[in-house]
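Notes follow once the structure below has been shown.
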Amino acid sequence: MTAAVAAAPPAAAAAAPSPHRPACPQLSRKLSWYGDNREHLQDVIDRRGTCAGHRRTPVAAFDWDNTVTKNDVTDATITWSLRHDKILRPARWKDTSAWMTDEADRALTAACGTDVPVGAPLPTSTDTGCADEILEIREDARTMSGAAAFAGEWNHRRTVPQYAWVPQLFAGHTVAELTAYTEKARQEALAAPVGSTRTVGTHTVPAYVRYYAQQRDLIRTLQRAGFDVYIVSAGSEPVTEVWSRGVGVDRRHTIAIRSILDRRGRITTRNQGCGDVPDSKGEAIPYIDGKRCWINQEIYGVHGAAAWQRQDARRRVTIAGGDADTDVTFVGDATGAHLVLNRNKNEIMCRAYDDADGRWVINPMFIEPLPRRTDPYPCASTAYNEPDGSRGPVRREDGSVVPAQRDTVSGPAGTSDRL
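According to our numbering, the sequence shown is numbered sequentially starting from 3.
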């Protein structure tokens, strides 16, 4: 049965803005936001910041890739490393992931060869086949021939193998080395023109990354207003730390996939666990429900199985921002504003357009926004990511099903019907 298409409610239809409080730092009016999104965010800052006289320090948390920056900074480091022969040959590719298939192991071994000694750099700058297999597995979890790269069982709301595989690709390097590669990749990506691409192997990939000026201003305004601001990313933590410094967020406030180091201080293929999930090869990374777990554990000190559960309002972030289904849980946990940059991802956009609590704030991407999606989001049927990897309906807290939603906040300012 086809669900009816729900009318899109106004974005973040919260209470009327509070009276202007001169003591509270203000978001720049020189930077363009969609509709009245700036006013909604400013209202939360005015009401909830320590600048308003509250004693309790409020917390804000943001995803990184395509939320604070345009394009993926971990991918920028991977592609730079492939072009500069920085990936070390493992003894056996299948040992790099708990879920890698025999087909992927064979494809990587055939493409990258065995002539290079174990632990030595692979010549991926010239070996197109090797670079292609690595990129294809990272991007699509498939080999170049189309075989599944990962198989088995995992909780699809706590991890995804190709994300966990990224820091595992850098096994054998020190954190300092990975940091240095990221700094060089960052300089290159920031210098590349907006919209530019490059070829790595035979893959065409973005050549540029940009900080969103609006997000940088939002983060700095929140900090001045007394908020504790965190980054929570499903990327590699040393990579994210290099970039988060650019918006004034330090290492202590940057949470991403944390690799376990060996006795020599080198990255291994194991990652730190969260809640009641022990250290492993990536069973609990900051991904969908995993982002909630890491926030609860690292920010609020909630440990064990309870870290996976929504906490009371005193132990939840006030403002959260994301762009994809990987962010839907922690963004939905925010008590003041749920900021979403529209990249047409089903589950998070169903939540955002349904706007059950009147606090969802939808904005097109600030650089190269996507055009309006023509078909409705399948909220009532297949938009929800089930733990077993299947798809189901998105449900509200009361169990009711979210009806299909139309995409109305998209494209450059002025092109949507939700102005």
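All C-beta atoms in this analysis are idealised placements derived from N, C-alpha and C, irrespective of residue type, glycine included.
Check: Which value, in whole angstroms, describes the spacing of the CA atoms of cysteine 174 and glutamate 285?
Finding: Counting from one through the sequence shown, the residue named residue 174 turns up at place 172. Counting from one through the sequence shown, the residue named residue 285 turns up at place 283. Correcting the residue type first, residue 174 is glycine in the shown sequence and not cysteine. Their Cα atoms are separated by approximately 21 Å.
Note to self: Give the list of continuous alpha helix (DSSP H) stretches no shorter than 4 residues that lie fully inside the stretch 117-152.
What the structure shows: 130-142
Check: Taking all protein chains shown into account, do 16 or more other C-beta atoms lie within 10 angstroms of the C-beta of alanine 122, making it buried, or fewer, making it exposed?
Finding: If you number the sequence shown from 1, residue 122 lands on position 120. Flag for alanine 122 reads exposed.
Margin query: Residues in the same chain with beta-carbon distance under 8 Å from valine 118, minus the five sequence neighbours each way, listed in chain order, please.
Written below: Sequence index remark: in the sequence shown, residue 118 carries index 116 (1-based). Taken in chain order, the residues that qualify are Arg91, Leu124 and Pro125.
Next item on the list: Consult DSSP for arginine 23 and reduce its assignment to one of helix, strand or coil.
Entry: Here the question's residue 23 lines up with position 21 in the sequence shown. Caution is warranted here: a pLDDT of 48 is assigned to arginine 23, below 50, making its placement in the model unreliable, and the coordinate value is therefore given only provisionally. Residue state, collapsed to three classes: coil.
Check: In terms of alpha-carbon separation, which member of Gly197, Arg316 and Ala258 lies closest to lysine 72?
Finding: Along the sequence shown, one-based indexing puts residue 72 at 70. Nearest option by C-alpha distance: Gly197.
Item checked: Inter-residue Cα distance where the pair is arginine 397 and arginine 94 -> Numbered from 1 along the sequence shown, position 395 holds the residue referred to as residue 397. Numbered from 1 along the sequence shown, position 92 holds the residue referred to as residue 94. Cα to Cα, the separation comes out at about 43 Å.
Note to self: Rounded to the nearest angstrom, what separates glycine 391 and asparagine 273 at their Cα positions?
What the structure shows: As a first step, residue 391 must be located in the sequence shown, where it is residue number 389. As a first step, residue 273 must be located in the sequence shown, where it is residue number 271. Their backbone Cα atoms lie some 22 Å apart in a straight line.
Item checked: Span of the alpha helix (DSSP H), counted from its first residue to its last, around tryptophan 82 -> Taking the first residue of the sequence shown as 1, we reach residue 82 at position 80. Where tryptophan 82 is concerned, the enclosing alpha helix (DSSP H) stretches over 75-85.
Next item on the list: Note down, in chain order, each residue of its chain lying with its Cβ closer than 8 Å to the Cβ of arginine 23, except the 5 sequence neighbours on either side.
Entry: Looking up residue 23 in the sequence shown gives position 21. Summary for arginine 23: the model assigns pLDDT 48, below 50, so the residue's position carries little reliability, and this model does not support an answer.
Check: Over what stretch of residues does the beta strand (DSSP E) that includes arginine 200 continue unbroken?
Finding: The residue given as residue 200 occupies position 198 in the sequence shown. From DSSP, the beta strand (DSSP E) with arginine 200 extends over 199-202.
Checklist line | Cβ pair methionine 146, aspartate 134 closer than 9 Å | finding: By one-based count along the sequence shown, residue 146 stands at place 144. By one-based count along the sequence shown, residue 134 stands at place 132. Yes, they are a contact pair.
Check: Are there three or more Cβ pairs, one per stretch, closer than 8 Å when the stretch 174-193 is compared with the stretch 345-352?
Finding: no
Notebook entry, point to check: When DSSP builds the beta bridges, which residues end up paired with tryptophan 362?
Noted result: To locate residue 362, count along the sequence shown from 1; it is residue 360. Partner(s): His340.
Note to self: Considering only their Cβ atoms, is the gap separating threonine 223 from glutamate 243 smaller than 9 Å?
What the structure shows: Here residue 243 refers to the residue found at position 241 of the sequence shown. Here residue 223 refers to the residue found at position 221 of the sequence shown. Contact flag unset, no.
Notebook entry, point to check: Between Gln44, Ala62, His42 and Lys32, which lies nearest to valine 251 when the distance is taken from Cα to Cα?
Noted result: Walking along the sequence shown from the start, residue 251 turns up at place 249. Measuring from the Cα of valine 251, the nearest candidate turns out to be Ala62.
Check: With 16 as the cutoff for other CB atoms within 10 Å, does leucine 84 come out buried or exposed?
Finding: The residue you call residue 84 lines up with position 82 of the sequence shown. Burial call: buried.
Notebook entry, point to check: Any chance the stretch 350-366 sits against the stretch 33-51, with 3 or more Cβ pairs inside 8 Å?
Noted result: yes
Check: Does the pairing of the stretch 298-310 with the stretch 184-203 give three or more beta-carbon distances under 8 Å?
Finding: no
Check: Which one of Ala322, Glu141 and Thr69 has the shortest CA to CA distance from isoleucine 80?
Finding: Residue 80 sits at position 78 when you count from the first residue of the sequence shown. Answer by Cα proximity: Glu141.
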